[in-house]
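One line per chain: the protein sequences are A and B, in this order.
Using numbering that gives the first Met the number 0, read the first sequence as starting at 0 and increasing by one per residue.
Using numbering that gives the first Met the number 0, read the second sequence as starting at 0 and increasing by one per residue.
All residues carry an ideal CB built from backbone N, CA and C; glycine is no exception.
Note that the structure is a prediction, hence the values are computed from the model and not measured.
Number of protein chains: 2
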Amino acid sequence: MPTPPSDLRDFSPLVIENLQPDVGAGRFNVKGVAGHPVRVSALVYKDGQDFLGASVIWRRRDRVQWEESPMRPLENDVWEGVFTPEDNAAYVFSVEAWMDPLTSWADRTRKKAGVNESLPIELEEGAALLGMCRGKEAAAQASRWAERLMRTRGNSADILGMLDDPEFWNFVPKAKLRFFVARHEERPIMVDRPRALFGTWYEMFPRSQAAVPGAHGTFKDCIRRIADIREMGFDVIYLPPIHPIGITNRKGRNNALKAGPKDVGSPWGIGSAEGGHMAVHPKLGTLKDFEAFAAAAKDAGMEIALDFAAQCSPDHPYVKEHPEWFRRLSDGTIRYAENPPKKYQDIYPLDFMCVNRQELWEEMKRIVLFWAAKGVRIFRVDNPHTKPLLFWRWLIDGVQKDHPDILFLAEAFTRPSVMKFLAKAGFTQSYTYFTWRNSKWELTTYLEELNHTPMRNYFRPNFFTNTPDILQEILQKGGPPAFRMRLVLAATLSASYGIYSGYELCENTATHEGSEEYLNSEKYEIPSRDWHAPGNIRDLIAAVNRARHDHPALQQNGNIEFIPTRNDAVLAHVKWDDGMTDIIVTVVNLDPYAVQEDQIQLPIWKFGIEEWQTFEMRDLLGGDKYHWKGREHYVRLDPSLGPGHVFHLKK
Amino acid sequence: MPTPPSDLRDFSPLVIENLQPDVGAGRFNVKGVAGHPVRVSALVYKDGQDFLGASVIWRRRDRVQWEESPMRPLENDVWEGVFTPEDNAAYVFSVEAWMDPLTSWADRTRKKAGVNESLPIELEEGAALLGMCRGKEAAAQASRWAERLMRTRGNSADILGMLDDPEFWNFVPKAKLRFFVARHEERPIMVDRPRALFGTWYEMFPRSQAAVPGAHGTFKDCIRRIADIREMGFDVIYLPPIHPIGITNRKGRNNALKAGPKDVGSPWGIGSAEGGHMAVHPKLGTLKDFEAFAAAAKDAGMEIALDFAAQCSPDHPYVKEHPEWFRRLSDGTIRYAENPPKKYQDIYPLDFMCVNRQELWEEMKRIVLFWAAKGVRIFRVDNPHTKPLLFWRWLIDGVQKDHPDILFLAEAFTRPSVMKFLAKAGFTQSYTYFTWRNSKWELTTYLEELNHTPMRNYFRPNFFTNTPDILQEILQKGGPPAFRMRLVLAATLSASYGIYSGYELCENTATHEGSEEYLNSEKYEIPSRDWHAPGNIRDLIAAVNRARHDHPALQQNGNIEFIPTRNDAVLAHVKWDDGMTDIIVTVVNLDPYAVQEDQIQLPIWKFGIEEWQTFEMRDLLGGDKYHWKGREHYVRLDPSLGPGHVFHLKK
């Protein structure tokens, strides 16, 4: 649009600007979800006083035919419309706008009718416009209106009668009489399947799932665990790498630099004589066993997410087969991987910028497609921020071209610019800073950024309460009340969230004060656990996840509003679905140590509830029902009894 | 950058994003001024931990060679740099970034030196990098550093000694050893001459300048007025249209629909049998007379701005010569021009979207180039928002291609989107909403938008106190104190401002209550004035304009900060120049009716003044000198004595 017209014959005087949603002026995909409406807005205007019209247009990228839905003007030249892409596929959308000569004519004629008794010129103008309508149905209707217009013989009162006829205004948009149609340049949107937005994750080490304490677990053991996990309401079971583990420089217990003969090593030290990224660790079973596990999970309504860690143990077959993929020092050695301050002495980084990077990149894509062929539809990508950022765009575009249902979660704990870029580059979901946001100010500021800035167009958070690398201080010190509180926060603040197994048992011993590493971390050894040990919070997890499954308000982002509280230890928020038919009010005590009270200010006017009306508040965690009236309500939150409330507000 | 690399051989892992300043992702020119530094910033980052470097690069669009100046990292991956375009010309600029392998090597080596006694590998790496330096001078220096490195024989202490040598760090940027250089796409910037930013305008009707009261003035009369105007400190004399005026439908006094035989008509009713847009009204003199006036103004250090109103009286030669440029109703008549609610019965609009618009547009450009050939370098464009908005981009681009010194002021009083678009489309300056912004809240909000949002990159305000169409209510009711107050506001809030003549005489009679039209408006008749009548505010105008000429702080936009005041009738602000060597503090009483007092909070810490220091405040309007100490100061503003203060703060 804004370039000076080189050929003035193809020139529309309309301006369409500031098309939203947008990521990087159309360079990156906006993120959408199949079946979810996309709200589109743009500035539409031209010189002078003409009436304009505008539509959202959209199509699947692989189709030719555009679909169209009308936009309506708000104020200051902002127009808004909605379209709903139904398929899990790449789409493009745009805005078309035009001069609407019929409405301009009607407006002019109406004004003149107040002054003149006869309007012969307007009669002719109107008839001429109606005569321009094309398309069988539109032309037929137009000719009927033209006849009626001619019958007025220019009498103002009769013309006014026609312009006051609602039927005429039904006809005008159908006439599709559009002058100087302008079109904004297309914007791409990747429409994912619903799991991209809403899902509950459970991370577990398959080797830790043996029924016999201390034994090396197998995929068969994993199958036995499925009912247990499903009972807690999870949707996704995420597995750390399942490949053979190297022996050279293998880590011992508690990250020791030397492993003992029985030490199992870190699953991220991928590759040995038994194979690399396309092999399964022999002690876990066979590829067939993995497929059986994935199938069983699917039968239980869940799916498996695999870890994709693009790195190698020194024993990985690539090291010998593709020495050119590794950067060697002048003495021929390879420098081990780092993600400062962490050092991975058991891992060699791949040199993604090596001279024959094309082959390396293709091989990485082959790994993903290999597992895709085994039915894996979600990949959790390890440390993507230590590989060239645009590699991920290349990989994800390449994979999703044929497999739009494959989702990628970025495990990048790094600077904001890099985390944002990875999301723009195509990662379906992203790990976040949630793990370290504890105070009301920290949480609300971060959630405002995620939900109410342009980040919402491309960055989908997945809030993990903990990971094998991150046992947050508040969990170490706050014990079970802290575990309950952080669970409810994660589950209600983000449509996707997850826990790393052991969380349900409130495991909270760190290696030492000031460390976020678990003592006797599962990364380096096989633990013994009783999944139903006393003190577990399985029931709370199940209740929270049931609330999430039952309530659309908890299955979206961008629909959160914080409720003013006076007490800084009380966080309250409300979420609702599109039609505001489902309203969830969450009140959490951020202090795991002490009872906190507050007077909260419920914005009932937003829900169409009057001050005098009684409404029902059912606590989805405990099941208690309250009847409230008015906006001001007292809450008392005792961490020894529970984390707070997740209320379903019923009008 | 962000597209997936199709050929991985040409691939940089660096990301450069969010390049500022920018208007519409590079589709429109940023605005700059010759000799003024342009501050450039961008996000620069990559995966991993490498050290990076970045430069601003720029060139005149008509030159091939790029110039370069270094950027430095601030926080969160933001880099910043400055370049100063010296010529009045179109430029492009961008950012280049790269991996800096020498610094990465030095950092790694330094860390290892603390642990190892000998660093043979780092020695070899360093030598290899130094061996890669190209360019005669860089290579020679690099080889000297390589020799020194080899002499260390890998001894950590000796290598550290070299890395601690400041000379080495002087050498590193000169080595220009840059890996994987990435370049952001170019951004265009139109570098105008300084008058585009800073200037003081005086609008006058040439026909009103006769020495004999009531006589039709001439360009010769205008020459006589020059000294008078210069004395008040103006830079630009802007003339309403100087062309022959039509007779058909000519307006009478006070916008009467019928003119009397002696009525002179509106200068905007352009064109008669005597000629059109390239002719001069015979009563004003000849083209030669006009040129003499322009030359005399130039000799006095001023220049002439001409009105460009792309419209015709019914008697304009175009109406007969180019009937196809006008839209005719079915009865063959042409609908007169409107700019609702204003009606111009004496004017036909040109149909800029007519079928042969190419010829019409070219003719419009010919008009501008005709006057350009007569030495006119500023055009004030009448109602540009009633012509296709992109016409202006076409016109201004076309004219400035060969005449970058020609400036265009948009007289568009319309919706924000349209006013902004015209500025983006190329208008050097724009009329603003200032005329109707009176309260402290209105003024500060509007000035914040102009100075501290992306508007500042493309929208240059020209604050007019009044125009022939706008006699604001506060001037009608507030009398001379209001005239003084609004003058000081316009002159200090915007680097460009102007008055329409008569302002210096505080002319303030409207046609009727609620109207902004002047009674006996100069648009339709020739007034009689005594330019030195008692009660004039010429001295104040001269003092204000002297302050503007003497103080760089008042010659820029974007450098304003409002000073907190408690009294809503007191507006205070401070402006400073780049080096903060010139600081101007303005305090204005917004209430023309009553004395106002306040305690203002001067942000002396920003000027490097301590609480105990005394500093001089010289009032540039009255000449009084004060010595202040501390941040809190009492002011008492009596509208009968003056509008307030324009202080020069001297440390």
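- For A24/A, the chain B residues whose Cβ falls inside 7 Å of its Cβ are A24, in order along the chain.
- In this structure I346/A is in contact with W267/A, their Cβ atoms being roughly 7 Å apart against a cut-off of 8 Å.
- The continuous alpha helix (DSSP H) containing I473/B extends over residues 472–492.
- A distance below 8 Å between beta-carbons, with the five flanking residues on each side excluded, links S93/B to the following residues of its chain, in chain order: L18, V55, I56, W57, R182, H183, E184, E185, R186.
- Under the three-state reduction of DSSP, F178/A is assigned to strand.
- Contact annotation, L553/B with A546/B: C-beta distance approximately 6 Å; criterion of less than 8 Å satisfied.
- DSSP links N461/B through a beta bridge to S495/B.
- Annotated as distal: Q140/A and F167/A, with beta-carbon spacing of 8 Å or more.
- For W575/A, the CB contacts under 7 Å within the same chain, skipping 5 residues up- and downstream, are A552, N558, D581, I582 in chain order.
- Setting aside the 5 residues that flank it on each side, L421/B is surrounded in the same chain by P383, H384, L388, W391, A409, A411, S429, each with a C-beta closer than 8 Å to its C-beta; the list follows chain order.
- Neighbourhood of T385/B in chain A, by CB distance below 9 Å: D46, G47, Q48, in chain order.
- For D330/B, the neighbours in chain A by C-beta distance under 9 Å run, in chain order, P119, I120, E123.
- Judged by their CB atoms, G251/A and D314/A are not nearer to each other than the 8 Å cut-off.
- Cβ contact annotation for D49/A (same chain, cutoff 6 Å, sequence separation greater than five): M98, S103, in chain order.
- Minimum Cα-Cα distance from I498/B among the listed residues T510/B, A541/B, K476/B, G513/B corresponds to A541/B.
- The residue among Q357/B, Y502/B, R59/B, G25/B with its C-alpha nearest the C-alpha of D468/B is Y502/B.
- Close to chain B, meaning a Cβ-Cβ distance shorter than 7 Å, are the following residues of the stretch 385–417 of chain A: T385, K386, P387, L388, L389, R392, W393, D396, R414, P415, S416, V417.
- For K30/B, there is no enclosing alpha helix (DSSP H); the residue is part of the beta strand (DSSP E) that begins and ends at 29–32.
- In the DSSP annotation of this structure, the continuous segment of the alpha helix (DSSP H) that includes F390/A starts and ends at 388–401.
- When DSSP states are grouped into helix, strand and coil, R186/A belongs to the strand group.
- Shown here, L539/B sits in a helix according to DSSP, grouped into three states.
- Here C311/A is bridged, per DSSP, to Y347/A.
- Between P193/B and chain A, the shortest Cβ-Cβ separation is not below 8 Å.
- With a beta-carbon spacing of about 5 Å, A96/A and L13/A fall inside the 8 Å limit used to define contacts.
- Contact between the stretch 462–477 of chain A and the stretch 500–520 of chain A is present: 3 or more CB-CB pairs across the two stretches fall below 8 Å.
- Residue range 631–636 is occupied by the beta strand (DSSP E) that includes L636/A.
- DSSP, reduced to helix, strand and coil, places S103/B within a helical segment of the structure shown.
- Cα atoms of R223/B and A214/B: separation of roughly 15 Å, rounded to the nearest angstrom.
- Closest in alpha carbon position to V584/A, among V573/A, G578/A, V594/A, is V573/A.
- Here N248/B has P313, Q344, D345 as same chain residues with Cβ atoms under 7 Å from its own Cβ, once five neighbours each way along the sequence are excluded.
- A straight line joining the alpha-carbon of L349/B with that of A309/B spans about 7 Å.
- Restricting attention to W324/A, T427/A, D306/A, the CA atom closest to the CA of F204/A is found in D306/A.
- Residue-level contact check: L42/B touches chain A, since one or more beta carbons of chain A fall below 8 Å from its beta carbon.
- With a 10 Å radius around the Cβ and a threshold of 16 neighbouring Cβ atoms, K386/B comes out buried.
- Of all residues in the stretch 75–87 of chain B, only N75, D76, V77 place a beta-carbon less than 9 Å from a beta-carbon of chain A.
- Taking K423/A as the centre and dropping the five residues before and after it, the same chain places the C-beta of V22, F27, Y457 closer than 6 Å to its C-beta, in chain order.
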